[in-house]
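So for the sequence shown, my numbering puts the first residue at 853; every next one is plus one. Think of the CB as a built atom: it goes at the ideal place given N, C-alpha and C, for glycine as much as any other residue. Keep in mind it's a predicted model, so treat the numbers as computed, not measured.
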Amino acid sequence: MVDLRYSLKEALKSIRRPTVSSRTILLTLALIAVFSIALALRIYPAKYGYYLHEYDPYFDYYATNYLVEGVKEKGLVSFADYFVWRDYNTWFPEGRDVASSSQVGLHFAGAVLYLIVTEIFSIEISLYDFLVILPVFLGAFTTLIMFLLVKRMAGAGGGLLAALLFATSPPLLLRGSLGWFKSEPLALFLALTAIYLYLTIYDSKIKMNGVMWRASVAGILLGYANTCWGGAQYFGIVFGLFFIIAALLKIDLEKTAFAGGLLVAFNLIFSSIFPRPGPAYILNPIGILL
């Protein structure tokens, strides 16, 4: 019994209280503050009413609702109906081929996220209310991605400044606040996450398996961003120019070529399998550059 007590005392002595540096605490508090600012500024329009903002978000809500109601009626197989859906409530009398003339990725993301929130997490919220608030959280979480991205290139201070600028930028607030269920908030979140993931392949601790999945996921995210917003294609220019000047940089060229090939392949595949931008993306100037 004495030996057991002695062993317990020695074991307790060996346990050290975790220490957190004051720098880490300050950085965490600063990030929480920036995230809170991003949320507060984007949700501010609720003061004037909890509505979708502008015309396009109402059509995007209408198309997303088509997907949600289809799943409730026929299950996930109903997603295929979207790609042959001609809506005669718009562009009368010819009707509108929705899949080839809309932001397909936005509609599917809105529907899937809503179904996850309501069916898996059992949160009671209408689709309309969910889509009104969704851009607020997408924008706020993108500030954190911006911090991580810039931190890799300019340190924690640069990352915080970039996150703060992103959180308070008037153009981004105008097209990413409460009710703005349109392309930009989701596409920016996906594209910036893709860039960050790709840059992580240059960590010395990352092995080839890590390089493979990071580059592949980055390509998928970038391709999906293209299906959400036409402007996301310009991020392809960033990658294309990076691959061109990579030979002049002090980086692992073998890793760059391998990861770049995966990213480009998945980006082109995911961009082309959807009606918009479709296979034409491969042969447009950005696709050729990649």
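What residue from 1120, 920 and 1004 has the CA that sits closest to residue 1084's CA? Mapped onto the sequence shown, residue 1084 falls at position 232. Of 1120, 920 and 1004, the residue nearest in Cα terms is 1120.
Alpha carbon of residue 849 to alpha carbon of residue 1037, nearest angstrom: It is not possible to answer for residue 849, since the shown part of the chain is limited to 853 through 1142.
Output yes or no for whether 8 Å exceeds the beta carbon distance between residue 1019 and residue 890. Here residue 1019 refers to the residue found at position 167 when the sequence shown is read from its first residue. Here residue 890 refers to the residue found at position 38 when the sequence shown is read from its first residue. Yes, they are a contact pair.
Contact belief for residue 1033 with residue 983 at Cβ below 8 Å, rounded distance in angstroms: Position 181 of the sequence shown, counted from the start, is the residue given in the question as residue 1033. Position 131 of the sequence shown, counted from the start, is the residue given in the question as residue 983. Right, their Cβ atoms sit about 4 Å apart.
Quick one, which of 1060, 946 and 950 has its alpha-carbon nearest residue 931's? To locate residue 931, count along the sequence shown from 1; it is residue 79. Selected option, being the one with the closest Cα: 950.
In terms of alpha-carbon separation, which member of 1123, 1080, 1114 and 917 lies closest to residue 1095? Mapped onto the sequence shown, residue 1095 falls at position 243. When only C-alpha atoms are compared, the closest one is 1114.
Run through the DSSP bridge pairs and tell me what residue 939 is partnered with. Stepping through the sequence shown from its first residue, residue 939 is reached at position 87. DSSP output for residue 939 lists 948 as bridge partner(s).
Of all the alpha helix (DSSP H) runs that stay within the bounds of the segment 873-944, which reach a length of 4 or more residues? 874-895, 908-926 and 931-934
Can you say whether residue 1143 is buried or exposed, counting buried as having 16 or more other CB atoms within 10 angstroms of its CB? Because the chain in this structure spans residues 853 to 1142, residue 1143 falls outside the shown range and cannot be described.
Grab the span of the alpha helix (DSSP H) containing residue 1036 for me, first residue to last. Along the sequence shown, read from residue 1 onward, the residue named residue 1036 stands at position 184. Segment 1035-1051, the alpha helix (DSSP H) holding residue 1036.
Compare the C-alpha of residue 1029 against each of 985, 1051 and 1049 and name the closest. Position 177 of the sequence shown, counting from 1, holds the residue named residue 1029. Residue 985 is the option with its Cα nearest to residue 1029.
On a Cα-Cα basis, can you pick out the residue from 928, 996 and 1068 that is closest to residue 1122? Start at 1 with the first residue of the sequence shown, and residue 1122 comes out as number 270. Per the Cα distances, 1068.
Closest residue to residue 1049 among 953, 943 and 997 (Cα-Cα distance): In the sequence shown, counting from the first residue as 1, residue 1049 sits at position 197. Checked all of 953, 943 and 997; the closest Cα to residue 1049 is 997.
Taking 8 Å as the cut-off, decide whether the C-beta atoms of residue 999 and residue 1011 are in contact. What you label residue 999 is simply residue 147 of the sequence shown in a count that begins at 1. What you label residue 1011 is simply residue 159 of the sequence shown in a count that begins at 1. Contact flag set, yes.
Identify whether residue 1130 lies in helix, strand or coil by the three-state DSSP scheme. To locate residue 1130, count along the sequence shown from 1; it is residue 278. Of the three classes helix, strand and coil, the one that applies to residue 1130 here is coil, per DSSP.
Between 993, 1104 and 938, which lies nearest to residue 1060 when the distance is taken from Cα to Cα? Walking along the sequence shown from the start, residue 1060 turns up at place 208. That would be 1104, whose Cα lies nearest to the Cα of residue 1060.
Please look up how many angstroms separate the CB atoms of residue 894 and residue 991, rounded, as I've assumed it's under 8 Å. On the sequence shown, position 42 is the one that residue 894 refers to. On the sequence shown, position 139 is the one that residue 991 refers to. Correct: roughly 5 Å between the Cβ atoms.
Where residue 1129 and residue 968 are concerned, what is the direct C-alpha to C-alpha distance, given to the nearest angstrom? Position 277 of the sequence shown, counted from the start, is the residue given in the question as residue 1129. Position 116 of the sequence shown, counted from the start, is the residue given in the question as residue 968. Going from the Cα of residue 1129 to the Cα of residue 968 covers about 27 Å.
How many Å lie between residue 1082 and residue 1124 at the Cα? Numbered from 1 along the sequence shown, position 230 holds the residue referred to as residue 1082. Numbered from 1 along the sequence shown, position 272 holds the residue referred to as residue 1124. Using only the alpha carbons, I get a separation of about 13 Å.
May I ask you to verify whether the segment 969-982 touches the segment 931-940, counting CB pairs closer than 8 Å and requiring at least 3? no
Own chain, CB closer than 8 Å to residue 854, minus 5 neighbours either side, in chain order: Sequence index remark: in the sequence shown, residue 854 carries index 2 (1-based). Confidence in residue 854 is poor, its pLDDT being 49 and thus under 50, which makes the residue's placement unreliable; the coordinate value appears in the next sentence. Closer than 8 Å at the Cβ level, and outside the excluded window around residue 854, lies no residue.
Could you have a look at residue 990 and say whether DSSP puts it in helix, strand or coil? Indexing the sequence shown from 1 puts residue 990 at position 138. Helix at residue 990.
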